[in-house]
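Asks: So the sequences go chain by chain: C and R.
Counted the way the numbering used here counts, the first sequence spans residues 1 to 103.
Counted the way the numbering used here counts, the second sequence spans residues 104 to 333.
Built from N, CA and C at the ideal position, the CB exists for glycine as well.
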Amino acid sequence: MSLWTGILIASVLVYSWKILGFLVPNSVLNHPVVSRVAGLLTVALLAALLGVQGLTGSGQIEFDARVPAIAVAALLLYFKAPFVVMVAASALVAGLLRMFFGI
Amino acid sequence: MAKQSSVTSVSIGVGLATGLYGISFGALSVAAGLDIWQTQVLSLLMFSGGSQFAFVGVVAAAGGVASGGAVIGAAIVSAWLLGIRNGFYAVRMAPILQRVGLGKLIPALLTIDESTAVSLGQQEMKDQVKGFWITGAAVFVFWNLMTFVGAVLGDALGDPRAWGLDAAAAAAFLGLLWPRLKEKQALAVAVAALFIATVTTPYLPAGVPVLLAGLAAVVVGIWNLLGGKK
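#1: Pairs of beta-carbons, one from the segment 207 to 224 of chain R and one from the segment 4 to 22 of chain C, closer than 8 Å: are there three or more?
#2: By how many angstroms is the C-alpha of R/Ala130 removed from the C-alpha of R/Gly190?
#3: Looking at the secondary structure, which residues open and close the alpha helix (DSSP H) in which R/Asp262 lies?
#4: Which whole runs of the alpha helix (DSSP H) in the segment 10 to 72 of chain C are 4 residues long or more, in chain order?
#5: Assuming R/Phe276 and C/Leu49 make a contact with CB atoms under 8 Å, what is their CB distance in whole Å?
#6: Is R/Met104 buried or exposed, if buried means 16 or more other CB atoms sit within 10 Å of its CB?
#7: In this structure, does DSSP put R/Asp138 in helix, strand or coil?
#8: Just how far apart, CA to CA, sit R/Gly125 and R/Pro308?
#9: Classify R/Met149: buried if its beta carbon has 16 or more other beta carbons within 10 angstroms, exposed otherwise.
#10: Could you spell out where the alpha helix (DSSP H) holding R/Ser218 opens and where it closes?
#11: Alpha helix (DSSP H) containing R/Leu297: first to last residue?
#12: From R/Ile299 to R/Ser114, what does the alpha carbon distance come to, in whole angstroms?
#13: Starting from C/Ile103, find everything on chain R with Cβ-Cβ shorter than 9 Å and list it in chain order.
#14: Between the alpha carbons of R/Thr250 and R/Ala241, how many angstroms are there, rounded?
#15: Quick one: does C/Leu45 have its CB under 8 Å from some CB of chain R?
#16: Within 10 Å of its beta-carbon, does R/Trp140 have 16 or more other beta-carbons around it, so buried, or fewer, so exposed?
#17: If we ignore side chains and look at the alpha-carbon of each, how far apart do R/Phe128 and C/Thr42 end up?
#18: Identify the contact partners of R/Met149 in chain C, using a Cβ-Cβ distance below 7 Å as the criterion.
#19: Look at the Cβ atom of R/Gly305, then the Cβ atom of C/Gly59, and state whether they are nearer than 8 Å.
#20: What does a CB cutoff of less than 8 Å around C/Val72 pick up in its chain, not counting 5 residues either side in sequence?
#21: Tell me the rounded alpha-carbon separation between R/Gly166 and R/Ala134.
#22: Taking 8 Å as the threshold, find out whether the segment 144 to 161 of chain R comes into contact with the segment 219 to 230 of chain R through three or more Cβ pairs.
#23: Does R/Tyr192 come out as helix, strand or coil in the three-state DSSP assignment?
#24: Rounding to the nearest angstrom, what Cα-Cα distance links R/Ile237 and R/Ile199 in this structure?
#25: Which one of R/Leu315, R/Pro282, R/Leu329, R/Thr301 has the shortest CA to CA distance from C/Leu77?
See below:
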């Protein structure tokens, strides 16, 4: 499958939830267990992506400049920094650590 | 009158703030190996930040676009599952917007975290409708403009690691996750999912560890483990 095909399929699938909610308000979406699982699924997938993106590389577990960068991001989030500032700061920390320490 | 203009200014403010982090999406997507147009189409058609970051995150974790169909399949499923919350927003928005037939197509596209939150935050029905449309439109315009800016910048930067863009992608996921960690149940699921995805990465094809971690949510959610209220 080409990347373009994947992008189009994924876009249609993401849209399908939105239109389902408008077309069939009393569908499977209107069930408390489904609602709870969906909320937790969002949390689980984002946390998993954080782990894979932050702690692994080339299919292995890797701790490098990303770890302190994520710690700085967490600190900024705790102090309610804007999203874009927090993301930029973490890039800066990782970039500087790599430049000076090569980690 | 004063009330109306306050809905408008809140909506545009939210649109600007959200749009701004479209820069990080654009840059990270290009760093993951997508080209500028592929990045732009994600923002135009998928138009849901969490799903877009997930799609490019799975591709990036696999080492870029050369990695084949299984990785793209996992990217599709991750984006799709992260989009489910928009379905719940749509259920809330449908009776407020009262659109019929094809009139549902555009509001469905604009049904995201921000448009729903601004709308439901208003007292009067008229303001709820207005808040949804202005926020949705403002986020759509700024998110797409800033995606383009980010993609062009990211393309010009060269090696994404040297600029810390891999760390920035992780930080973006942390930022999307952060506001959802207030309850013990969510925090437990997050810790378990992070652990599962990380430790299984050496043993499973790229993209699969993320989906496997999603099982933690299904198990905890179905039996409502650690759930305080029903």
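Replies: Let me lay it out:
#1: yes
#2: 28 Å
#3: Unbroken run through R/Asp262: none, as it is neither H nor E.
#4: 32 to 55
#5: 5 Å
#6: Legend: pLDDT at R/Met104 = 44, less than 50; position of this residue unreliable, value from coordinates given subsequently. Under this definition R/Met104 is an exposed residue.
#7: coil
#8: 29 Å
#9: When all chains shown are included, R/Met149 counts as buried.
#10: 216 to 223
#11: Unbroken alpha helix (DSSP H) run through R/Leu297: 287 to 303.
#12: 38 Å
#13: Residues of chain R passing the Cβ test: none, with the nearest at roughly 11 Å.
#14: Each residue's CA atom was taken as its position, placing R/Thr250 and R/Ala241 some 14 Å apart.
#15: yes
#16: exposed
#17: 18 Å
#18: Ala10, Ser11, Val14
#19: Note that residue 305 of chain R corresponds to Pro in the displayed sequence, not to Gly. Yes.
#20: Ala89, Ser90, Val93
#21: Near 10 Å, if we compare the C-alpha coordinates of R/Ala134 and R/Gly166.
#22: No, the segment 144 to 161 of chain R is not in contact with the segment 219 to 230 of chain R.
#23: helix
#24: Here the alpha carbon of R/Ile237 sits roughly 15 Å from the alpha carbon of R/Ile199.
#25: R/Pro282
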